[in-house]
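Enquirer: Chains A and B, in that order, give the protein sequences.
Residue numbering for the first sequence follows my numbering, starting at 1 and increasing by one per position.
Residue numbering for the second sequence follows my numbering, starting at 1001 and increasing by one per position.
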Amino acid sequence: MFNKNPLRKRQRIGSFIGIGIGLIIYIILPLKQTESFLSLGPLNTGHEGLSCNACHTDAKGNLIQQIQSNISYTFGMRKTKADFGTENVDNKKCIECHDRPNDRHPTHRFLEPRFKEAIANINAAECETCHKEHNDTRVVLKDAAFCVNCHYDLEVKNDPIDVPHEQLIKNKQWNTCLQCHDFHGNHIYKVAEKIKDTIPLKQIQEYLKGGTDPFSNKKKYKPLTEEEWIKIKNKYAKK
Amino acid sequence: MNHLKTKWIFLLTSCISIIIQSCGGVPEETSSNGPSDKVFAVADILTLVAEENDITRTLYTKGIVGAGKKQGLKFDEDWQDDEIEAGPLPALFLRGISSDIRKSDVPLGLYLGSDFPINASNKFQGKQAELFTKIKADQKPQHFYEEDQKLYTSMFADLAVAAPCVNCHNDHKSTTKTDWKLGDVMGATTWQYPSDSLSYKEAIGVINAYRNGTKAIYNAYLKEIAAFKIDSTKPQIGKNWPSKGFYLPTAEVFIDSVRKLASYHSMETLLLVERKDQNTTKDLASN
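See below:
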């Protein structure tokens, strides 16, 4: 009755192969074993072995809902965009595991207007400015002289160190700050009182690249492990 | 044939559109339903929460720090260091509240600054410094829109309300001013919020975020006490305040006292808008 086009068979085979490959990708790519293949780069120091979805948590709603929301946003029918696939990884995600009441430089402090110029130079209000993930390192900054942005006019009364802070600042030796002071203030250690006893700059640089911790192996607060984080997340999800 | 193809494409597109549309989108995370809900001006709510802050800090400074020092309790800027057995100084108590607010979903910013701070990083600069000179002169709040950050900002005078404020700042080893006296404007709190108006739900959210912050930092202090190495340095924690002896109130007792002092005024402020609305409706009806 109908004249079949001889090319139809080829089209069908092509379609089946296409659907097959699609299905394989859909099944295989989300598997844990393929995570390293999907990753943008090796994880940073301390994050080795974390699952992708420890940070890249599922976005709210299903795929179709997310598409609809973003189409609505495009046409001005919605005020905010919806996350597509996975949620955006921001400070809040980092804080879920790294929240510490003793943080000497919490990111939110830099949101105050007085730090406007400082954060134009280095955006300390975002964790990833220093700790951008997938770089196989601890700190991505090229050098550790960032303290100058806020502490350029530092005056220390009753200065405890043999080479006074005033002198160090005058000589623009901003690389020496980290030889005594740990930026987030979580290490338990005794600060040196003589420059010659401070942590050598080379060791600090190695540490920033992911090397051994030269401050101390004792820390006041430890971050949550992935298992602890999942446990807490599930506890609140049930409520 | 072409006609048939077009028909199929049209049918397929329609089906996909219907499927996508029928699922509904991801709910938007807004706490109000429309502009009509936004009954509070941001400056009014920031004033309300700043007043709660004044009450909380005065209570902490007088009732805990001032009275506690007389009982032998210590307060230090490095209160969280393992080797230091002390509680947070009032300025750090505020910073603790501010940190806890940031952990919540309420987009409220709270900061403390001065022109003569103990810690140089708390010194006002730029527009804040400029407005602080006005605050120092008349003690009136300053409300402005911070263009770069796109945040509504209010600054309120922070007064030397109790003897410990004056004594500690005058005697501190790193002080930059040694002649503070009671009643002086020692600094200012800066509050920021991203919207020019708030709904009831958002206003309550702001108040709760502040109160939860108070509870969190006070609990952190009690936790620190629990870790003191010598038992005799640990005050008894319960219903009593340091004015009665070597005691500290529990977080619940402390917060309850704040509530008793602050809630009446806060509630009145919240209801004032409702009354204003009713009067406007009556005026419109009579016209």
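Quick reminder that beta carbons are idealized off the backbone N, C-alpha and C, glycines included.
Please determine, among Leu1272/B, Leu1198/B, Phe1156/B and Ala1163/B, the residue with the shortest C-alpha to C-alpha distance to threonine 1061/B.
Expert: The count along the second sequence starts at 1 and reaches residue 1061/B at position 61. Ranking the options by Cα distance to threonine 1061/B, first place goes to Ala1163/B.
Enquirer: Please check if any C-beta of chain A sits within less than 8 Å of the C-beta of glycine 1205/B.
Expert: Start at 1 with the first residue of the second sequence, and residue 1205/B comes out as number 205. So no, glycine 1205/B is outside the interface.
Enquirer: Give me the subset of the segment 1200–1229 of chain B whose CB atoms are less than 7 Å from a CB atom of chain A, sorted by chain position.
Expert: Against chain A - using a Cβ distance shorter than 7 Å - the residues of the segment 1200–1229 of chain B are Ala1220.
Enquirer: Please confirm whether valine 1065/B and proline 1090/B have their CB atoms less than 8 Å apart.
Expert: The count along the second sequence starts at 1 and reaches residue 1065/B at position 65. The count along the second sequence starts at 1 and reaches residue 1090/B at position 90. It is a contact, given that the beta carbons lie within the stated cut-off.
Enquirer: Give the straight-line distance between the Cα atoms of glutamate 227/A and glycine 210/A, rounded to the nearest whole angstrom.
Expert: The sequence position of residue 227/A within the first sequence is 227, counting from 1. The sequence position of residue 210/A within the first sequence is 210, counting from 1. Roughly 23 Å separates the two Cα atoms.
Enquirer: From proline 42/A to isoleucine 24/A, what does the alpha carbon distance come to, in whole angstroms?
Expert: Your numbering for residue 42/A matches position 42 in the first sequence. Your numbering for residue 24/A matches position 24 in the first sequence. If I take the Cα positions, the gap works out to 25 Å.
Enquirer: So which of His1169/B, Lys1150/B, Ile1101/B and Lys1173/B has the shortest CA-CA distance to aspartate 1179/B?
Expert: Indexing the second sequence from 1 puts residue 1179/B at position 179. Comparing Cα positions, the closest option is His1169/B.
Enquirer: Roughly how many whole angstroms lie between the Cα atoms of threonine 45/A and leucine 1059/B?
Expert: One-based indexing of the first sequence puts residue 45/A at position 45. One-based indexing of the second sequence puts residue 1059/B at position 59. Their backbone Cα atoms lie some 44 Å apart in a straight line.
Enquirer: Any beta carbon from chain B within less than 8 Å of proline 113/A's own beta carbon?
Expert: Along the first sequence, read from residue 1 onward, the residue named residue 113/A stands at position 113. True, the Cβ-Cβ gap to chain B drops below 8 Å.
Enquirer: Can you find a CB in chain B that lies within less than 8 Å of the CB of cysteine 150/A?
Expert: Within the first sequence, numbered from 1, the residue matching residue 150/A stands at position 150. With 8 Å as the cut-off, cysteine 150/A counts as an interface residue toward chain B.
Enquirer: Grab the span of the beta strand (DSSP E) containing isoleucine 1237/B for me, first residue to last.
Expert: In the second sequence, residue 1237/B corresponds to position 237, counting from 1. Looking at the DSSP string, the run of the beta strand (DSSP E) that includes isoleucine 1237/B is 1236–1238.
Enquirer: Alpha carbon to alpha carbon, what distance is there between lysine 1201/B and serine 1032/B?
Expert: In the second sequence, residue 1032/B corresponds to position 32, counting from 1. In the second sequence, residue 1201/B corresponds to position 201, counting from 1. Its pLDDT being 49, under 50, serine 1032/B is placed unreliably in this model, and the value from its coordinates should be taken loosely. If you take the alpha carbons of serine 1032/B and lysine 1201/B, they lie about 7 Å apart.
Enquirer: Assuming serine 69/A is part of the alpha helix (DSSP H), what are its boundary residues?
Expert: Start at 1 with the first residue of the first sequence, and residue 69/A comes out as number 69. Serine 69/A -> alpha helix (DSSP H) spans 63–74.
Enquirer: Check the Cβ-Cβ distances between tryptophan 229/A and every residue of chain B, and say whether any is below 8 Å.
Expert: Locating residue 229/A in the first sequence gives position 229, counting from the first residue. It does not; no Cβ of chain B falls within 8 Å.
Enquirer: State the start and end residues of the unbroken beta strand (DSSP E) segment that holds threonine 1189/B.
Expert: Counting from one through the second sequence, the residue named residue 1189/B turns up at place 189. First-last of the beta strand (DSSP E) with threonine 1189/B: 1185–1193.
Enquirer: Hey, is glutamate 87/A's beta-carbon within less than 8 Å of any beta-carbon in chain B?
Expert: The count along the first sequence starts at 1 and reaches residue 87/A at position 87. No, no contact with chain B.
Enquirer: Excluding five sequence neighbours on each side, which residues of the same chain lie with their C-beta closer than 6 Å to the C-beta of leucine 1004/B?
Expert: By one-based count along the second sequence, residue 1004/B stands at place 4. Cβ neighbours of leucine 1004/B beyond the five flanking positions: none.
Enquirer: Spatial neighbours of serine 51/A within its chain, please: CB distance less than 6 Å, with the 5 preceding and 5 following residues excluded, ordered by chain position.
Expert: As a working note, residue 51/A is residue 51 in the first sequence. Taken in chain order, the list of residues that qualify is empty.
Enquirer: Where does glutamate 1146/B fall in DSSP's three states?
Expert: The residue given as residue 1146/B occupies position 146 in the second sequence. Reduced to three states, the DSSP call for glutamate 1146/B is strand.
Enquirer: When you compare the CB of aspartate 1148/B with every CB in chain A, is at least one pair closer than 8 Å?
Expert: Position 148 of the second sequence, counted from the start, is the residue given in the question as residue 1148/B. Closer than 8 Å: yes.
Enquirer: By how many angstroms is the C-alpha of aspartate 103/A removed from the C-alpha of glutamate 96/A?
Expert: The count along the first sequence starts at 1 and reaches residue 96/A at position 96. The count along the first sequence starts at 1 and reaches residue 103/A at position 103. So the alpha carbons of these two residues sit roughly 14 Å apart.
Enquirer: Listed in chain order, which residues of the segment 64–92 of chain A have Cβ atoms closer than 7 Å to some Cβ of chain B?
Expert: So the list reads Ile64, Gln65, Gln66, Ile67, Gln68, Ser69, Ser72, Arg78, Lys79, Thr80 and Ala82, given in the order they occur along the chain.
Enquirer: Closest to aspartate 1054/B by C-alpha separation, out of Tyr1210/B, Leu1248/B and Ile1217/B, would be which residue?
Expert: Position 54 of the second sequence, counted from the start, is the residue given in the question as residue 1054/B. Closest option to aspartate 1054/B, Cα to Cα, is Tyr1210/B.
Enquirer: Is there a C-beta anywhere in chain B that falls below 8 Å from the one on asparagine 121/A?
Expert: Sequence index remark: in the first sequence, residue 121/A carries index 121 (1-based). Closer than 8 Å: no.
Enquirer: Classify leucine 99/A as helix, strand or coil using the three-state DSSP reduction.
Expert: The sequence position of residue 99/A within the first sequence is 99, counting from 1. Looking at the sequence shown, residue 99/A is not leucine but aspartate. In the structure shown, aspartate 99/A sits in coil (DSSP, three-state: anything other than H, G, I, E or B).
Enquirer: For valine 1300/B, which residues from the same chain have a beta carbon less than 6 Å from its beta carbon, with the 5 sequence-adjacent residues on both sides left out?
Expert: Absent from the model: residue 1300/B. The displayed extent of chain B is 1001 to 1287, so no value can be given.
Enquirer: Beta-carbon within less than 8 Å of glutamine 1069/B's beta-carbon, same chain only, minus the 5 sequence neighbours each way: which residues are those?
Expert: Within the second sequence, numbered from 1, the residue matching residue 1069/B stands at position 69. The sequence as given places lysine at residue 1069/B; glutamine does not occur at that position. Counting only Cβ-Cβ distances below 8 Å, and skipping sequence neighbours, we find Phe1075 and Pro1164.
Enquirer: I'd like to check one pair, proline 113/A with lysine 1127/B: are the Cβ atoms closer than 8 Å?
Expert: As a working mapping, residue 1127/B is identified with position 127 in the second sequence. As a working mapping, residue 113/A is identified with position 113 in the first sequence. Yes; because the gap between Cβ atoms is below 8 Å, this pair is in contact.
Enquirer: Within 8 Å, do at least three Cβ pairs link the segment 212–222 of chain A to the segment 141–155 of chain A?
Expert: Cβ pair count under 8 Å is below three, so no.
Enquirer: Buried or exposed: asparagine 186/A, going by 16 or more other Cβ atoms within 10 Å of its Cβ?
Expert: Position 186 of the first sequence, counting from 1, holds the residue named residue 186/A. Asparagine 186/A comes out buried.
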